[in-house]
Ligand code: 5GP
Ligand code: MG
């Protein structure tokens with residue numbers, strides 16, 4: 319099968335938006351220590367760029383929730399790589415690659431809330447609001463996009479294309 323990728327958001331536009339998000343977060347949490355909770359694997363590239371622009375005392379943790387199989391949502395959620403640190407009393411900033419049906423972030427948000435953090439905020443690079451099934455929204459959104467299958471800048475199709483420096487639409 320031939321796969322074609324068309325650029326949706328350029329490397330330059332991503333960089334500018336990541337800088338803006340980092341500035342907003344740095345102002346919002348000024349003087350605080352934050353724990354960035356990166357959702358594996360898709361948010362790794364975004365998170366790596368974002369944390370280097372934060373002017374905050376920043377810790378980095380990872381979690382992996384799996385809900386996707388190829389391009390179809392299975393609707394089933396699994397904690398494949400659970401949190402290694404305690405959340406209680408901490409300022410948690412969850413970073414996600416893309417908010418689609420909302421199931422993943424809803425699931426994670428509920429798990430985190432039960433552990434009594436000082437605060438939780440959700441940051442997503444991309445938001446596809448047309449696809450939402452459960453009631454959840456992000457506190458910070460990089461780009462709101464139409465209902466297309468996205469690859470690049472951390473996002474994959476069958477583990478390919480995560481290393482693309484831009485955000486693209488996969489045309490099949
Ligand atoms: P949700 O639980 O919100 O439906 O799905 C979130 C997860 O589904 C994302 O973290 C991502 O891994 C995957 N996903 C949703 N839409 C896309 C997409 O357009 N492209 C890719 N590569 N993954 C997607
Ligand atoms: Mg993800």
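Residue numbers (my numbering): 319 to 490.
Ideal Cβ placement from N, Cα and C applies to all residues, glycine included.
If you compare alpha carbons, which of the options is closest to residue i?
i: residue 474; options: 362, 428 and 441; result: 362
i: residue 456; options: 403, 418 and 351; result: 418
i: residue 333; options: 450, 443 and 467; result: 443
i: residue 358; options: 328, 428 and 415; result: 415
i: residue 409; options: 451, 452 and 352; result: 352
i: residue 384; options: 369, 366, 398 and 321; result: 398
i: residue 401; options: 413, 448 and 381; result: 381
i: residue 458; options: 436, 428, 467 and 335; result: 335
i: residue 430; options: 328, 323, 354 and 345; result: 354
Tell me the residue span of the beta strand (DSSP E) that contains residue i.
i: residue 324; result: 322-327
i: residue 438; result: 437-445
i: residue 485; result: 485-489
In the DSSP assignment, find the unbroken alpha helix (DSSP H) run with residue i in it and report its ends.
i: residue 428; result: 421-431
i: residue 463; result: That residue, residue 463, is in no alpha helix (DSSP H); it is neither H nor E in DSSP.
i: residue 368; result: 362-369
What does residue i pair with, by DSSP beta-bridge criteria?
i: residue 396; result: 384
i: residue 356; result: 380 and 413
i: residue 469; result: 486
i: residue 418; result: Bridge partners of residue 418: none, in fact.
i: residue 476; result: Looking at the DSSP assignment, residue 476 forms no beta bridge with any residue, so it has no partner.
i: residue 375; result: 351
For residue i, is the classification buried or exposed, using 16 other Cβ atoms within 10 angstroms of its Cβ as the cut-off for buried?
i: residue 422; result: buried
i: residue 434; result: exposed
i: residue 420; result: buried
i: residue 340; result: buried
Looking at residue j and residue i, is the spacing between their C-beta atoms short of 8 Å?
i: residue 364; j: residue 484; result: no
i: residue 374; j: residue 347; result: yes
i: residue 412; j: residue 441; result: yes
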